[in-house]
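Down below is the structure, laid out as structure tokens.
Numbering (our numbering), first residue to last: 3 to 231.
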């Protein structure tokens, strides 16, 4: 049988292709206070740890799990998005070093690129605008565009469908969290790689089922281009 090349790369944003200066936890603290979580003490620390452990997942799903009440979860999620978007203006949002060049190199090699996030569509658009990245990828997806966020496979499979890729074994996924790895595995992607530029370390990424753990998106692009040669 002929070798099947990777035709689609599905890349996470914050922590994988974008350095956001730890804004998720800062925005979470604001949202948790709005939602009525105690500002100090063990419950707040447990909530913070849960946010770290579930990094990469849809934020509304995280708040539902934490608060156990849909109205409070929606209130917290709105507060999170507002806080995050305001913080974007205060912090120097920047690409992970070499990320823009890596994305361009993948596309130049004939690989379609989708950028995905656990944020809302509006927050993702604010990030893309802050980076000047509106046209950098073939597709950008938020959970609301796909159905469910990570760890479900919907974002990866929606990218495959929209970009008309022939099969899941022509897909490679890259993310910095165990949720990214779970989503890629659930989608059946041939390569499901972890990047060491974000939330989770190599042992956690490998335990989640990563096929590769790489220093950054730069090495991921090199891996995919080597696969195609």
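Cβ atoms here follow ideal geometry from the backbone N, Cα and C, with glycine treated the same way.
In the three-state reduction of the DSSP assignment, residue 93 falls in the coil class.
Within a 10 Å sphere around the beta-carbon of residue 27 sit fewer than 16 other beta-carbons, which makes this residue exposed. Here residue 155 is buried, its C-beta having at least 16 other C-beta atoms within 10 Å. In this structure, residue 179 lies near residue 58, with their beta-carbon atoms less than 7 Å apart. Sixteen is the threshold: when 16 or more other Cβ atoms of the shown chains lie within 10 Å of the Cβ of residue 128, as they do, the residue is buried. Within its own chain, the residues whose Cβ lies closer than 6 Å to the Cβ of residue 83, once the five positions on either side in sequence are excluded, are 122, 125, listed in chain order. Of all alpha-carbon atoms in 42, 101, 206, 197, the one lying nearest the alpha-carbon of residue 134 is that of 101.
Within the stretch 104-173, the beta strand (DSSP E) runs of at least 3 residues that lie entirely inside it are, in chain order, 114-118, 141-143. Between residue 25 and residue 69, the C-beta spacing is not below 7 Å.
The residue among 50, 78, 107, 74 with its C-alpha nearest the C-alpha of residue 221 is 107.
Under the DSSP assignment, residue 196 falls outside any alpha helix (DSSP H), being part of the beta strand (DSSP E) whose first and last residues are 193-197. Boundaries of the beta strand (DSSP E) around residue 13: 10-14. Between residue 60 and residue 146, the alpha-carbon positions lie close to 9 Å from each other. Going by C-alpha positions, residue 182 is about 15 Å away from residue 205.
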